[in-house]
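Below you'll find the structure, written out as structure tokens, and then a few comments.
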Amino acid sequence: MTAAGPVLRCAGLHRYLGHGAGRVHVLRGVSFEAERGCVHAIVGPSGCGKSTLLYQLGLLDRPDDGQIWINGETISNSSDALRTAARGRHLGFVFQFHFLLLEFTALENVMMPMRKFGRLDEAGMATRARRLLDEVGLGDKTHRLGTELSGGEQQRVAVARALANEPAVILADEPTGNLDQSNSAMVFDLLARLARENGQAVVLVTHNPEIARRSDRVLAMRDGVFV
Amino acid sequence: MSPNLRIALRFLTARKRAMFMSLFGIMFGVGFFIVTQAQTSGFESFFIKTILGTNGALRIEDRMQATMFPMEADGAAGGSDFLIAGEGGRKIIPGIEDPFRISEAVRRFKNVSGVSIVLQGTVNLSTNVSGDSVRVQGVNIDDHLAVSDLASQIVQGDLADYRLTPAGALVGSVLASRQNLHPGDTFTLEWNGEARRYRVSAVYETGVSDIDRVRVYIHLAEARSLLQKPTGATFIQVNLFDHERAPEDAVRIQEVIGHTVAPWQRREKTWLDVFRALRFSSALTVSTIILISGLAMFNTLAMVVMEKTKDIAILRSMGYTRRDIARVFIWQGAIVLAAGAILGCVFGAVATYGVSKLPIRIRGIFSTDSFVVAWSPWHYVAAVTIAAVVVMAASLIPARRAARLEPGDVIRGTAL
Chain A
75 MTAAGPVLRC
85 AGLHRYLGHG
95 AGRVHVLRGV
105 SFEAERGCVH
115 AIVGPSGCGK
125 STLLYQLGLL
135 DRPDDGQIWI
145 NGETISNSSD
155 ALRTAARGRH
165 LGFVFQFHFL
175 LLEFTALENV
185 MMPMRKFGRL
195 DEAGMATRAR
205 RLLDEVGLGD
215 KTHRLGTELS
225 GGEQQRVAVA
235 RALANEPAVI
245 LADEPTGNLD
255 QSNSAMVFDL
265 LARLARENGQ
275 AVVLVTHNPE
285 IARRSDRVLA
295 MRDGVFV
Chain B
60 MSPNLRIALR
70 FLTARKRAMF
80 MSLFGIMFGV
90 GFFIVTQAQT
100 SGFESFFIKT
110 ILGTNGALRI
120 EDRMQATMFP
130 MEADGAAGGS
140 DFLIAGEGGR
150 KIIPGIEDPF
160 RISEAVRRFK
170 NVSGVSIVLQ
180 GTVNLSTNVS
190 GDSVRVQGVN
200 IDDHLAVSDL
210 ASQIVQGDLA
220 DYRLTPAGAL
230 VGSVLASRQN
240 LHPGDTFTLE
250 WNGEARRYRV
260 SAVYETGVSD
270 IDRVRVYIHL
280 AEARSLLQKP
290 TGATFIQVNL
300 FDHERAPEDA
310 VRIQEVIGHT
320 VAPWQRREKT
330 WLDVFRALRF
340 SSALTVSTII
350 LISGLAMFNT
360 LAMVVMEKTK
370 DIAILRSMGY
380 TRRDIARVFI
390 WQGAIVLAAG
400 AILGCVFGAV
410 ATYGVSKLPI
420 RIRGIFSTDS
430 FVVAWSPWHY
440 VAAVTIAAVV
450 VMAASLIPAR
460 RAARLEPGDV
470 IRGTAL
């Protein structure tokens with residue numbers, strides 16, 4: 075697979091959740107491709123499998139069947155260590171509930187993935203984290219703890235953190251679901267702009283029709299398949 | 060600083076109070092372990108010092124005469140080169156017939172630092188207060204000072220007077236008190252119908268009441284005359300440079316001289332076993348404090364894992380491995396352990412010093428007017444090792460649980 079092809083691809087993904095009588099076939103052979111510099115919105119009713127698909131694409135969960143490729147490399151059936159390394163190298167996550175580490179400052183939160191990746195020295199990490207926080211409009215709040223930031227600010231820190239290691243794909247699970255309209259627009263604009271500027275693929279799950287409308291590509295999902 | 064350690068340090072603040080409780084538990088556990096070991100070892104060491112200072116490291120006593128004779132085996136053609144050891148036995152002949160020859164032989168052993176010939180007998184002591192049955196020991200004082208702490212055990216009078224007085228005697232403190240004897244007083248020793256008068260040159264106190272109540276030292280020549288034994292000795296007291304080697308030296312000396320040789324470890328086995336049991340039981344008892352701290356640590360870390368599942372999931376999503384997550388929690392245990400151990404060692408040292416200053420009067424098996432403590436780095440090593448094993452075991456379970464968490468399950472809300 076070349077750089078011109080899809081950066082993230084899945085084919086025939088199946089996923090069951092629950093046990094026994096409660097076992098549900100959540101993903102029923104989903105196939106999908108994410109292009110660089112493109113914002114993909116996955117929409118659909120609650121329980122249709124959007125988030126489950128996102129976790130599969132983010133290697134946070136294992137499929138019962140099917141394949142996932144990142145940059146042409148089959149990753150779905152590899153070991154936990156390889157999947158973890160691939161997450162750190164290729165993927166950035168933004169979740170609905172921000173999930174900042176609240177004992178750390180905004181700057182430290184953004185530096186957290188970089189520390190694990192170990193590509194930059196301490197000063198280089200701090201410089202990059204400040205630049206990212208500047209880009210999300212939080213350049214003056216770098217030393218605030220997570221608890222001292224508003225919901226919108228926390229989500230912007232989460233976006234900056236997702237971009238820390240310059241991932242090829244940003245996966246966002248209802249990134250604006252917990253924000254008011256202005257903050258929603260701000261976060262979406264940020265994601266879309268950075269994706270286009272940096273050639274990153276953005277895959278987001280949303281219930282917000284306005285966000286979906288402004289995305290480059292919209293994929294509707296129902297009962298575990300794209301319709 | 061590693062990212063895992065950095066995260067561990069911040070996570071520690073999540074449950075500060077609980078962590079401090081665990082830390083103080085470890086501190087007190089380590090500290091009390093050190094104090095109790097210092098006390099029990101101190102008393103044990105002091106007891107050993109006392110018995111070495113009174114009865115020496117080795118005691119050479121009765122002669123063993125083998126009743127087993129080798130016999131020449133008869134071959135088919137007559138005589139043979141083979142010798143067959145005939146089954147016999149061993150005969151014990153009390154005392155030492157030629158103590159000077161034995162002493163010379165014993166002195167040649169490298170580890171021997173002193174040898175003293177002792178002639179002992181039970182005699183009647185009479186004063187103007189009353190009479191007592193006492194055990195008189197005839198010794199050459201200079202030889203005996205080399206195998207005992209008698210010089211430092213003098214509590215009244217002085218040894219110079221004893222050296223200059225042929226009829227001088229050294230009387231145990233308990234006996235002196237019972238008979239109201241003081242330096243310069245006289246008393247009579249009677250054996251086999253013959254009475255001799257002696258003068259108290261000094262009063263000694265070993266702290267061992269069985270000795271201080273009955274033992275009277277007189278010059279060896281006087282003892283030979285009193286006990287009517289112009290030759291021989293009851294036993295020979297031996298001191299060693301390295302007391303711990305007494306059992307090995309006893310075996311070798313016994314083989315060479317053909318007399319029974321009793322090392323101090325065998326002579327005092329009962330008391331040594333009591334001290335050992337006491338030390339072990341106190342270590343076990345105090346270790347329960349460390350164990351409880353470990354349980355508290357386990358509980359706290361388990362709570363932190365439950366509270367931090369989302370943080371764990373987000374760290375995993377960033378590329379932190381299961382091992383990284385486990386290390387974050389093991390680091391937390393290690394940090395609390397290190398702080399608790401350091402504070403515990405300091406507390407233990409201060410408390411040991413304080414205890415050593417506490418007044419307590421003990422007489423019976425030794426003599427002391429304050430708590431006796433032993434300063435040994437091994438007490439600190441043992442305390443920290445026990446704490447490390449307990450705390451790290453307590454940290455490992457929550458750490459493994461945290462590492463096993465599936466980030467997808469956590470974010471979906473189906474974890475735990």
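For the record, the sequence lines run as chains A and B.
If you read the first sequence in our numbering, its first letter stands for residue 75, the second for the next number, and so on.
If you read the second sequence in our numbering, its first letter stands for residue 60, the second for the next number, and so on.
Using N, Cα and C, we set each Cβ at its ideal position, and we do this for glycine too.
- The C-beta distance from Leu165 of chain A to Leu127 of chain A rounds to 14 Å, too long to fall under 8 Å, and the pair is not in contact.
- For Glu249 of chain B, the enclosing beta strand (DSSP E) begins and ends at 245-250.
- Burial is judged here by how many other beta carbons sit within 10 angstroms of a residue's own beta carbon; Thr201 of chain A has fewer than 16 and is exposed.
- For Pro283 of chain A, the enclosing alpha helix (DSSP H) stretches over residues 283-288.
- Rounded to whole angstroms, the Cβ separation of Val432 of chain B and Val414 of chain B is 6 Å, and the two are in contact under 8 Å.
- Identification of chain A residues near Ala461 of chain B by a Cβ-Cβ cut-off of 8 Å yields none; the smallest Cβ-Cβ distance measures about 14 Å.
- Looking only at A:Glu284, A:Gln274, A:Pro241, A:Asn183, the smallest Cα-Cα distance to Ser258 of chain A is reached by A:Glu284.
- The beta carbon of Met78 of chain B sits no closer than 8 Å to any beta carbon of chain A.
- Inside the stretch 255-341 of chain B, DSSP marks whole beta strand (DSSP E) runs of 3 or more residues at positions 274-278, 294-299, 318-322, from first to last along the chain.
- Counting only runs of at least 3 residues, the stretch 154-232 of chain A fully encloses the following beta strand (DSSP E) elements, listed from N- to C-terminal order: 165-168.
- With distances taken between CA atoms, Val333 of chain B lies nearest to B:Thr99 out of B:Thr99, B:Phe70, B:Phe91, B:Thr95.
- Going by DSSP, Phe70 of chain B is part of the alpha helix (DSSP H) stretching over 62-71.
- Neighbourhood of Arg69 of chain B in chain A, by CB distance below 8 Å: Leu175, Glu177, Phe178, in chain order.
- C-alpha of Asn183 of chain B to C-alpha of Gly291 of chain B: approximately 22 Å in a straight line.
- Between Ala203 of chain A and the set A:Leu194, A:Ser150, A:Leu181, A:Leu293, the nearest pair of CA atoms involves A:Leu181.
- Taking CB atoms only, Tyr90 of chain A has no neighbour in chain B less than 8 Å away.
- Looking at the DSSP output, Lys150 of chain B bridges to B:Gln124.
- DSSP places Gly403 of chain B in the uninterrupted alpha helix (DSSP H) bounded by 381-415.
- Bounds of any beta strand (DSSP E) do not take in Arg422 of chain B, whose DSSP letter is neither H nor E.
- DSSP places Thr186 of chain B in the coil class of the three-state scheme, outside both helix and strand.
- Excluding its 5 nearest sequence neighbours in each direction, Arg83 of chain A has C-beta neighbours in its own chain below 6 Å: Glu107, Trp143, listed in chain order.
- Only exposed fits Asp428 of chain B, as fewer than 16 other CB atoms lie within 10 angstroms of its CB.
- Contact annotation for Ala73 of chain B against chain A: Glu177 [CB-CB distance below 8 Å, chain order].
- Of the candidates A:Gly121, A:Pro119, A:Pro137, A:Leu91, the residue whose Cα lies closest to the Cα of Val104 of chain A is A:Pro137.
- DSSP places Asp157 of chain B outside both helix and strand once states are collapsed to three, so it counts as coil.
- In the structure shown, the three-state DSSP call for Gln274 of chain A is coil.
- Close partners of Leu134 of chain A in chain B (Cβ separation under 7 Å): Ser376, Pro466, Gly467, Ile470.
- A contact between stretches requires three or more CB pairs, one per stretch, nearer than 8 Å, and the stretch 107-124 of chain B meets this requirement with the stretch 308-328 of chain B.
- With a cutoff of 8 Å on beta-carbon distance, Leu331 of chain B and Ile176 of chain B are scored as not near each other.
- The alpha-carbon separation between Glu303 of chain B and Val214 of chain B amounts to approximately 29 Å.
- C-alpha of Arg189 of chain A to C-alpha of Phe388 of chain B: approximately 18 Å in a straight line.
- When 7 Å is used as the limit between beta carbons, Ala159 of chain A is near these residues of chain B: Gly378, in chain order.
- Counting of Cβ neighbours within 10 angstroms places Ser81 of chain B among the buried residues, the total reaching 16 or more.
- One thing to note: Ala205 of chain B has its Cβ no nearer than 8 Å to the Cβ of Ile316 of chain B.
- Taking a C-beta distance under 8 Å as the contact criterion, Val277 of chain A and Val243 of chain A qualify as a contact pair.
- The beta carbon of Trp250 of chain B is closer than 7 Å to those of Gly180, Val182, Leu285, Leu286 in its chain, skipping five residues each way along the sequence.
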